[in-house]
Structures are given as structure tokens and as C-alpha cells.
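Notes follow once the structure below has been shown.
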Amino acid sequence: MSHHHHREWASDLAQRFQNLVVSRRRGPQAGSSRPGAPQVPAPSSASNAMSHQDQQLYNMIFALSRTPQQYESQTLQDRALSVIPLDRIYAEAEEKGKADSSWGHQDHVIRALMAWFKNDFFTWVNSPACSRCQGETQGQGAGQPTDQERRDGAGRTEVYWCPHCSRQERFPRYDHPAKLLETRRGRCGEWANCFTLLVRALGSRARWVWNAEDHVWTEVWSEKQGRWIHADSCENAWGTPKVYAEGWGKKMSYCIGFGVDSVQDVTPRYVRTESQSLPRNRGSEETLRKAIVDLNRQLRSHLPPSERAVLEEQDVKELGNLEKLKWNRAHADAIPTKTEELQGRQSGNAEWKRARGEDGKGPGAA
Ligand SMILES: [Zn+2]
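In terms of the working numbering, the sequence shown is residues 73 to 438.
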């Protein structure tokens, strides 16, 4: 095959994958991304009798659930698809599938996506390089976003200084995934935000997982294994939920997974023992549970009863599994820790990890 023909063939193939993904995403299985789905769940009025703190917790859960709603825009998903090298990712998934049948093709596709995302697409930023000399800059704290930065979705902007050029460098922290497809850089927030969008764009069910101690990651529904799988794009980590507690030495209170049709308190998956946990003092457990139940009901209200029943069955199974992990030393010990879960954090510099209690030495360690 001549070079020219090869290129034509490859772009043909890419087009075919693109059509496949789009039709699959819009097919009958993609109930959750059906147009007309309620986009912004609102807290119910039944919550009037709550204490002020419980009301805040309840509202916070509803507010957080809006993040993954953004990923359902077809325009945004199409734009996301256009940046993914589909032929390469599908070829790699095909290859990996031959060697490892414990995961399905869909799992291998997402793993290949994550490897590409970490190695070739997204960049980690400790401090932004000076745009004149490419040298290292020094942090000067938080500044106000400019009007343009705000329009592009920056909630805040960090300001840096290049001592060599006596020049300021700005690092707007963009919250909007469309902008992140262009900037392709950031810390865990930007990584999880953009990666979760790409997972949705490829047609897999995804959860954006929020942690109260300032980390975020993704969970992907494995069709083959019928369960939610931990996926952290910053670390290219797949199915290693104990990595934060065991590898990073991070203590956590709440980890809540937000999907477009499935919200769950998934803390026990990531925090296995009392010594790894921080107090859960944002409100009563009862209120948290109520918020999740109410939210799931709203998110699923437009689905046919049969699809709702499937999701409810999944809830029961997942809750049962999470319950078994909760403070159950014997059960937790029976699950072997993977080597990858003992690994320290790779993303971020030493000082930043220490400040976050993620350097494997515990909070405040020297
Ligand atoms: Zn410079």
C-alpha cells in the first residue's frame, strides 16, 4: 500500500469508528443521554424541616451533581470526539483484549483512552512555564480572573512571576470542559473534568467522583464486570481504589460519585479503615442518604420503568458491596492490595503533595 493510500485507509477507518461511537451513543442503550432529560436537578421542597447544616449538605449534593450534566451536550461530545485518535485507541484496545479477557472491549477502550490522555493529551501544571523564556515561575497567589477568563469559564486565576523576565504569568483554572479541550492542562480538577467528558463521548457510563479533601477522579461502568471501576487519569490508574489511602497516605471523609443516572456515596471503596478516615461532619448521614435517594429519583424520572428497575438493581448490589467494605477489617484484609495501590502519588511536585497530605507521610509530616 502506498503512503498516500495508507493515509486514506487510516482516515476511512477513523471515520468508521467515529460513526460507530456516535450511533452507539445515540442508540437505544444510551437512555441517559436522551435529549429532553432533565438537565438541572433541583433540591426538593420536602427538605424544609432540616437543620441549617443539613440543608447546606443537601443543597451541596444537588449542586455537585450538575458537573457531570455538562458532559451530556451532544455538541460538546462531538467536539471531544474530534480530538481523540479513535483508530489508535481502538487498535490498542483490540490488542489488549487478546491478552486479557478479564476485562471487556469497552474497558480496554477506556484504558487505552486514559493512557493516551495522560501520556499525549493532557499536561500537569505545578506552576505554568514562563511563556517568554519557558523557565520556571514562582507562585504569587490568587488573582481575579479577567473578563475574558471568566467568559471562558475560569472560576479563579492563579498568578505567577518569572524572575528572569520580570514578567507575570497567569494560570486561569477553567471549570468548563469545552475550554479544557483547548488548554489541555491543569491539576486534578481539570484532569478529571476533561477525562470524564471523553469517557462519555466514547459512550461509556461515567461518574465524576468528588472528594471533600480536594481530589476528584472518575469511575467507569464496566459492562463486562457489571460494576463501577475506579479510574484516575492523573495517574493512569485503573481499578486501584486503595491507592489514595495506602499509596498516597491520604485521609478522606466523603467520596461521592456523580453520574448522569447514578449517584452514590462510594467512600467505603476508597477508605477501608477508621485510621484512613476523617470525620464526616458536614451534616447527618440520614440527610446525605436522603439527598442521594432524591437525586437518583429525579435523574431517572424520565426513564422507562424497565430501565429504572435495572438501575435500582445495580444500586442494591453496589450498596451491598460497599456496606461489606465499611469498617470491616476482616473483609478488607481478605481483599489483596495491588502493587499499584501502594504507589505514591506521581502527579504534582513534592511541596504540593506534602501540603495536601498526599506524600505518603500523613498530614503535616516534615
Ligand atoms: Zn521568563
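Here a beta-carbon is modelled for each residue, glycine too, at the ideal position from N, C-alpha and C.
Nonlocal neighbours in the same chain, by C-beta distance under 6 Å from residue i, ignoring five residues either side
{"i": "ALA121", "result": "none"}
{"i": "GLN415", "result": "GLY319"}
{"i": "GLU412", "result": "THR312"}
{"i": "TRP289", "result": "ALA264, VAL281 and ASP304"}
{"i": "GLY420", "result": "none"}
{"i": "ALA102", "result": "Because ALA102 carries a pLDDT of 41, less than 50, the predicted location of this residue cannot be relied on, and no value is offered for it."}
{"i": "CYS306", "result": "CYS260, TRP263 and SER419"}
Whether residue i touches residue j by CB criterion (9 Å)
{"i": "GLY329", "j": "ASP337", "result": "yes"}
{"i": "GLY237", "j": "ALA284", "result": "First, the amino acid is wrong: residue 237 is Cys here, not Gly. No, they are not a contact pair."}
{"i": "ARG344", "j": "ALA317", "result": "yes"}
{"i": "LYS170", "j": "GLY298", "result": "no"}
{"i": "THR359", "j": "ASP126", "result": "yes"}
{"i": "TYR342", "j": "HIS302", "result": "yes"}
{"i": "ASP172", "j": "VAL292", "result": "no"}
{"i": "PRO200", "j": "ARG242", "result": "yes"}
{"i": "SER123", "j": "LEU367", "result": "no"}
Chain-order list of residues whose beta-carbon lies under 8 Å from that of residue i (same chain, five-residue window excluded)
{"i": "TRP424", "result": "ASN198"}
{"i": "GLY261", "result": "ARG245, ASP247 and VAL288"}
{"i": "ARG204", "result": "CYS234, CYS237 and ARG239"}
{"i": "ALA422", "result": "ASP431"}
Span separating the alpha-carbon of residue i from that of residue j
{"i": "ARG372", "j": "PRO113", "result": "10 Å"}
{"i": "TRP175", "j": "LYS296", "result": "6 Å"}
{"i": "ARG106", "j": "SER378", "result": "Any reading at ARG106 must be qualified, since the residue scores a pLDDT of 45, below 50, and its modelled position is unreliable; no value is offered."}
{"i": "LYS168", "j": "LYS190", "result": "18 Å"}
{"i": "GLY215", "j": "ASP224", "result": "16 Å"}
{"i": "ARG352", "j": "LYS322", "result": "15 Å"}
{"i": "VAL382", "j": "ARG361", "result": "20 Å"}
{"i": "PRO340", "j": "VAL315", "result": "13 Å"}
{"i": "PHE267", "j": "HIS177", "result": "19 Å"}
{"i": "LEU253", "j": "VAL155", "result": "8 Å"}
{"i": "ARG98", "j": "GLU144", "result": "The predicted position of ARG98 is uncertain, since its pLDDT is 48 and thus under 50; no value can be drawn from it."}
{"i": "GLU384", "j": "ALA250", "result": "32 Å"}
{"i": "GLY207", "j": "TYR232", "result": "12 Å"}
{"i": "LEU391", "j": "VAL335", "result": "11 Å"}
{"i": "GLY213", "j": "ARG228", "result": "11 Å"}
{"i": "ARG354", "j": "GLN210", "result": "35 Å"}
{"i": "LEU270", "j": "GLN348", "result": "31 Å"}
{"i": "LEU158", "j": "SER356", "result": "45 Å"}
{"i": "GLN141", "j": "ARG380", "result": "18 Å"}
{"i": "ARG183", "j": "ASP150", "result": "20 Å"}
{"i": "ASP286", "j": "ARG426", "result": "14 Å"}
{"i": "LYS396", "j": "ASP333", "result": "24 Å"}
{"i": "ARG417", "j": "LEU148", "result": "31 Å"}
{"i": "PRO376", "j": "SER294", "result": "22 Å"}
{"i": "GLN386", "j": "ARG222", "result": "39 Å"}
{"i": "GLY429", "j": "LEU350", "result": "12 Å"}
{"i": "ALA226", "j": "THR139", "result": "14 Å"}
{"i": "PRO100", "j": "ARG277", "result": "For PRO100, the predicted structure reports a pLDDT of 39, less than 50, and the residue's modelled location is therefore unreliable. A value from the coordinates is still provided. Near 14 Å, if we compare the C-alpha coordinates of ARG277 and PRO100."}
{"i": "PRO217", "j": "GLN128", "result": "27 Å"}
{"i": "LEU185", "j": "ILE407", "result": "28 Å"}
{"i": "ASP219", "j": "GLN146", "result": "27 Å"}
Close Cβ partners of residue i (< 7 Å) along its chain, the five nearest in sequence each way excluded
{"i": "PRO115", "result": "TYR130, ASN131 and PHE134"}
{"i": "ARG257", "result": "PHE194, THR195 and VAL197"}
{"i": "VAL181", "result": "ILE161, TYR162, ALA165 and LEU274"}
{"i": "ASN393", "result": "none"}
{"i": "ALA187", "result": "ASN308"}
{"i": "THR255", "result": "TYR246"}
Bridge partners - residue i, DSSP secondary structure assignment
{"i": "MET324", "result": "SER349"}
{"i": "CYS234", "result": "ARG239"}
{"i": "VAL281", "result": "TRP289 and GLY329"}
{"i": "GLN210", "result": "TRP233"}
{"i": "TYR246", "result": "ALA226"}
{"i": "ASP304", "result": "ALA309"}
{"i": "GLY215", "result": "THR229"}
{"i": "THR195", "result": "ARG257"}
{"i": "ARG299", "result": "SER294"}
{"i": "GLN336", "result": "GLY329"}
Proximity test, Cβ basis, 9 Å: residue i and chain D
{"i": "PRO157", "result": "Among the chains of the structure shown, chain D does not appear; only one protein chain is present."}
Ligand 1 site residues, beta-carbon cut 7 Å against heavy atoms = That gives CYS202, ARG204, CYS205, GLY207, CYS234, HIS236, CYS237 and ARG239.
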